[in-house]
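Protein chains: 2
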Amino acid sequence: MPTRFASGAAVLKPRTAVQTLPDYHPPLGGRIGLRCDFNENTIGCSPRVLAKLRSLSPEDLARYPEREPVEGAVAEHFQLQPSELLLTNGVDDAIHLLCETFLEPDHQVLIPAPTFAMYEIFAAATGASVVSISTDAEFSFPLERLLLQLTARTRLIAIANPNNPTGAVAAPEELLAIAEAAPHAALLVDEAYYDFYGSTLFHAWNDYPNLFVARTFSKAYGLAGLRAGILTGAPEALASVRRVASPYSVNSVALACLPEAVADRFFVENYASEICAQRERLQMQLATWGVRFWPSQANFVLFEVGEKHARFVDAMRARGILVRDRSRDPGCGGCVRVTLGLRPQTDLLLAAMTEVFAELQLISRERAQ
Amino acid sequence: MPTRFASGAAVLKPRTAVQTLPDYHPPLGGRIGLRCDFNENTIGCSPRVLAKLRSLSPEDLARYPEREPVEGAVAEHFQLQPSELLLTNGVDDAIHLLCETFLEPDHQVLIPAPTFAMYEIFAAATGASVVSISTDAEFSFPLERLLLQLTARTRLIAIANPNNPTGAVAAPEELLAIAEAAPHAALLVDEAYYDFYGSTLFHAWNDYPNLFVARTFSKAYGLAGLRAGILTGAPEALASVRRVASPYSVNSVALACLPEAVADRFFVENYASEICAQRERLQMQLATWGVRFWPSQANFVLFEVGEKHARFVDAMRARGILVRDRSRDPGCGGCVRVTLGLRPQTDLLLAAMTEVFAELQLISRERAQ
Numbered sequence: 028m029p030t031r032f033a034s035g036a037a038v039l040k041p042r043t044a045v046q047t048l049p050d051y052h053p054p055l056g057g058r059i060g061l062r063c064d065f066n067e068n069t070i071g072c073s074p075r076v077l078a079k080l081r082s083l084s085p086e087d088l089a090r091y092p093e094r095e096p097v098e099g100a101v102a103e104h105f106q107l108q109p110s111e112l113l114l115t116n117g118v119d120d121a122i123h124l125l126c127e128t129f130l131e132p133d134h135q136v137l138i139p140a141p142t143f144a145m146y147e148i149f150a151a152a153t154g155a156s157v158v159s160i161s162t163d164a165e166f167s168f169p170l171e172r173l174l175l176q177l178t179a180r181t182r183l184i185a186i187a188n189p190n191n192p193t194g195a196v197a198a199p200e201e202l203l204a205i206a207e208a209a210p211h212a213a214l215l216v217d218e219a220y221y222d223f224y225g226s227t228l229f230h231a232w233n234d235y236p237n238l239f240v241a242r243t244f245s246k247a248y249g250l251a252g253l254r255a256g257i258l259t260g261a262p263e264a265l266a267s268v269r270r271v272a273s274p275y276s277v278n279s280v281a282l283a284c285l286p287e288a289v290a291d292r293f294f295v296e297n298y299a300s301e302i303c304a305q306r307e308r309l310q311m312q313l314a315t316w317g318v319r320f321w322p323s324q325a326n327f328v329l330f331e332v333g334e335k336h337a338r339f340v341d342a343m344r345a346r347g348i349l350v351r352d353r354s355r356d357p358g359c360g361g362c363v364r365v366t367l368g369l370r371p372q373t374d375l376l377l378a379a380m381t382e383v384f385a386e387l388q389l390i391s392r393e394r395a396q
Numbered sequence: 028m029p030t031r032f033a034s035g036a037a038v039l040k041p042r043t044a045v046q047t048l049p050d051y052h053p054p055l056g057g058r059i060g061l062r063c064d065f066n067e068n069t070i071g072c073s074p075r076v077l078a079k080l081r082s083l084s085p086e087d088l089a090r091y092p093e094r095e096p097v098e099g100a101v102a103e104h105f106q107l108q109p110s111e112l113l114l115t116n117g118v119d120d121a122i123h124l125l126c127e128t129f130l131e132p133d134h135q136v137l138i139p140a141p142t143f144a145m146y147e148i149f150a151a152a153t154g155a156s157v158v159s160i161s162t163d164a165e166f167s168f169p170l171e172r173l174l175l176q177l178t179a180r181t182r183l184i185a186i187a188n189p190n191n192p193t194g195a196v197a198a199p200e201e202l203l204a205i206a207e208a209a210p211h212a213a214l215l216v217d218e219a220y221y222d223f224y225g226s227t228l229f230h231a232w233n234d235y236p237n238l239f240v241a242r243t244f245s246k247a248y249g250l251a252g253l254r255a256g257i258l259t260g261a262p263e264a265l266a267s268v269r270r271v272a273s274p275y276s277v278n279s280v281a282l283a284c285l286p287e288a289v290a291d292r293f294f295v296e297n298y299a300s301e302i303c304a305q306r307e308r309l310q311m312q313l314a315t316w317g318v319r320f321w322p323s324q325a326n327f328v329l330f331e332v333g334e335k336h337a338r339f340v341d342a343m344r345a346r347g348i349l350v351r352d353r354s355r356d357p358g359c360g361g362c363v364r365v366t367l368g369l370r371p372q373t374d375l376l377l378a379a380m381t382e383v384f385a386e387l388q389l390i391s392r393e394r395a396q
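Put into structure tokens, the structure is as follows:
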């Protein structure tokens, strides 16, 4: 037996990038009530999905998942070639894979702020430098500032469109200007909230081979628990990402259910249409109350409560409605984000908000009538 | 609008490590027949798991998964602290996370060969150098050769125990000698086939804080489709891995079903015990036939068919039995791996093997009687 190789003092250490990685602990515990906190579908998934789930056999669970046939079916639904689509373990996995495919420690990543936290976390984990591009008070898309930060080391630009938690959007021509200006960088446009917005960059990768577009089944489709996202792009660029993808990353239940989920167009379109109507209703009410809010193209609205944001969230929870304090996000001091539900759920939401705003003396009792 | 930043010639390129990454395309398509090819549970999962799956509501699918409470329940079952256990999206995810946590491009990874392909793929994806440690013709554990390859740059050593595709094992003291000799490297002991073997290094991380032990629900538990693995280790080391883990990497169906799966001990113990009995039966038959095989401590047996390995696999498939050609694995020329099933399934397996061995004139017709 060789003698001990290393000195007794040697210990296992994580990479420096891991040691300094920001923590992300979503406030999941004890989510009892109307779920207006995570931008999920508030009524669940299509009955067709549930029927499929319940038809699964022990054998279906025992077999390793086969992703490719389902990728073909999902691609067909979205009128894409199978080579233009990769199914992922939620969009988190898609972001992770993009970072792993393209980022080295000497690279730079541009991310507008505020936005979805996972872009920064997965990018920073590679050791690359993350440059946060601040927006103005209206959260309008910071195109000029972003283009000014582009360098030869820029290798990823991640943009949620519509953005979360603001609900703001970038115009297609703004996004394509970035793809054009940075052909050496991957441009990820995360269309997680597409169904509540309607504008997409699908197919634009034919002109911009560095463009990737992500979609999720966690929002309008009501399948956050199943973990299914899609990453789309030009076949050649996507082939590189596919190399680092784990063959069994998407579970068999998701794979069995996705064809049902995309086939039930009525469920998703009807839900999204109703959510958009309720979004207008909430925004009109906020305007009536004189509460500052940001017009949203997603299934949530961000508004400014002010110093009493934490008390607002607690008081809503006490009334059985979960909403999300976003006051720690850059530029979001005092802000709360509320996910929309269907009409009866919005009735409950507005009734509770009316009480809480009055209780906290944020609007006058007269206005709250 | 700023002018185009980069020259027209600039294009997006994946990292060098990704460009040279080995492909892994498991032969999944058209798996019709008795599944003796992927070391899955051949009868499916516990009825308690299926009942739980069928009780899930649309709301359960629509909510983001909550991993922590289930980690607590699974840790308790294995008599571990929650801080000693991380649930992962299959063991693939555990391997991926370990590589991401510890490996830099100037590091070195030691992997005995032949073994499970994903260690090399995830390690190589980081840009680290992978050193393959060859075994002898008996596939005995290459402890001396491995220790001789240790350097200050070694940061990960990945060992499947029992090993796949050989079924061979390393003794606990051999594994701990590695942990002792390389305190600056993570030692992953992948106990995917633990239930068919019975020896574990659980808790040894109290003395060797660089030791990680993985387990899976894809084999004995019959849940390969759900994607659930566990990574265990000393709380401090595991905390680093937890930092890079995606908060929603394990889906809600798996999380709902795991407490049922671990609670039904009878199902797993009974299945494993029956598989071990059938393993002895197959090994005795191979010995009787004079077919070279390697004694296995897992739910499969590797044996040498010789030049006709591909014809053997095809002829078995024609008889409705899927087996796996492993002849491309290092040291496994002409070898086939067969997963064991229950007694009636082994009856079918042996009957088909008898016919095929005779048909291919690998054993005499008399011996095949």
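Quick note, the sequences are listed as chains A and B, same order.
For what it's worth, my numbering labels the leading residue of the first sequence as 28, then goes sequentially.
For what it's worth, my numbering labels the leading residue of the second sequence as 28, then goes sequentially.
Backbone N, C-alpha and C fix where the C-beta goes; we use that ideal spot for every residue, glycine too.
Opening and closing residue of the alpha helix (DSSP H) in which residue i lies
| i | result |
| --- | --- |
| Ala187(B) | Where Ala187(B) is concerned, there is no enclosing alpha helix (DSSP H), although the beta strand (DSSP E) it sits in stretches over Thr181 to Ala187. |
| Cys284(B) | Ser279 to Ala290 |
| Met205(B) | The identity of residue 205(B) in the sequence shown is Ile, whereas the question assumes Met. Unbroken alpha helix (DSSP H) run through Ile205(B): Pro199 to Ala208. |
| Gln339(A) | Sequence inspection shows Phe at residue 339(A); the Gln mentioned does not correspond to that position. It spans His336 to Ala345 - the alpha helix (DSSP H) in which Phe339(A) sits, taken as one unbroken run. |
| Asp163(A) | Unbroken run through Asp163(A): none, as it is neither H nor E. |
Residue i: contacting residues in chain A (beta-carbon distance under 9 Å)
| i | result |
| --- | --- |
| Ser84(B) | Gly71 and Leu77 |
| Leu61(B) | Neighbours of Leu61(B) on chain A: none; closest Cβ ~11 Å, over 9 Å. |
Residue i at chain B interface by Cβ criterion, 8 Å
| i | result |
| --- | --- |
| Leu112(A) | no |
| Glu131(A) | yes |
| Leu376(A) | no |
| Gly347(A) | no |
| Ser167(A) | no |
| Pro29(A) | Bear in mind that the predicted position of Pro29(A) carries a pLDDT of just 43, short of 50, making it unreliable; the figure below should be weighed with that in mind. Yes, its Cβ sits closer than 8 Å to a Cβ of chain B. |
| Arg364(A) | no |
Residue i and residue j closer than 8 Å at C-beta
| i | j | result |
| --- | --- | --- |
| Leu258(B) | Ala241(B) | yes |
| Phe327(B) | Asn68(B) | no |
| Glu111(A) | Pro210(A) | no |
| Ala152(A) | Val271(B) | yes |
| Gly194(A) | Pro322(A) | yes |
| Val332(A) | Val363(A) | yes |
| Glu75(A) | Glu287(A) | One detail in the question is off: residue 75(A) reads as Arg in this sequence, not Glu. It is a contact, given that the beta carbons lie within the stated cut-off. |
| Asp222(B) | Lys246(B) | yes |
| Leu203(A) | Ala231(A) | yes |
| Leu114(B) | Ala255(B) | yes |
| Pro199(B) | Tyr220(B) | no |
Range of the contiguous beta strand (DSSP E) that encloses residue i
| i | result |
| --- | --- |
| Gly260(B) | Gly256 to Gly260 |
| Asp217(A) | Ala213 to Asp217 |
| Ala155(A) | First-last for Ala155(A): undefined, no H or E at that position. |
| Arg364(B) | Cys362 to Thr366 |
| Arg242(A) | Leu238 to Thr243 |
| Glu331(A) | Phe327 to Glu331 |
| Gln135(B) | Gln135 to Ala140 |
| Thr115(B) | Leu112 to Thr115 |
Partner residues on chain B for residue i, Cβ-Cβ distance less than 8 Å
| i | result |
| --- | --- |
| Leu48(A) | Arg270 and Val271 |
| Pro92(A) | Ala251, Gly252 and Arg254 |
| His123(A) | Ser273 |
| Glu98(A) | Those do not exist, as Glu98(A) stays about 13 Å from chain B at its closest Cβ, beyond 8 Å. |
Residue-chain proximity (residue i, chain A), Cβ-Cβ < 8 Å
| i | result |
| --- | --- |
| His104(B) | no |
| Tyr51(B) | yes |
| Arg42(B) | yes |
| Val45(B) | yes |
| Asn191(B) | no |
| Glu147(B) | no |
| Phe65(B) | yes |
Chain A residues whose Cβ lies nearer than 7 Å to that of residue i
| i | result |
| --- | --- |
| Trp211(B) | Looking at the sequence shown, residue 211(B) is not Trp but His. Under the 7 Å cutoff, chain A gives Ala33, Ala37, Val38 and Leu39. |
| Asn400(B) | Residue 400(B) falls outside the range modelled here, since chain B spans only 28 to 396, and no answer is possible. |
| Ala152(B) | Glu127 and Val271 |
| Asn237(B) | Leu39 |
Amino acids of chain B, ordered along the chain, whose beta-carbon sits closer than 7 Å to that of residue i
| i | result |
| --- | --- |
| Asp119(A) | Ser273 and Tyr275 |
Neighbouring residues, chain B, relative to residue i (Cβ below 9 Å)
| i | result |
| --- | --- |
| Asp87(A) | Gly71 and Gly252 |
Check your understanding: For the segment 278-299 of chain A, which residues have a beta carbon sitting closer than 9 Å to at least one beta carbon of chain B?
Key -> Against chain B - using a Cβ distance shorter than 9 Å - the residues of the segment 278-299 of chain A are Asn278, Ser279, Val280, Ala281, Leu282, Ala283 and Cys284.
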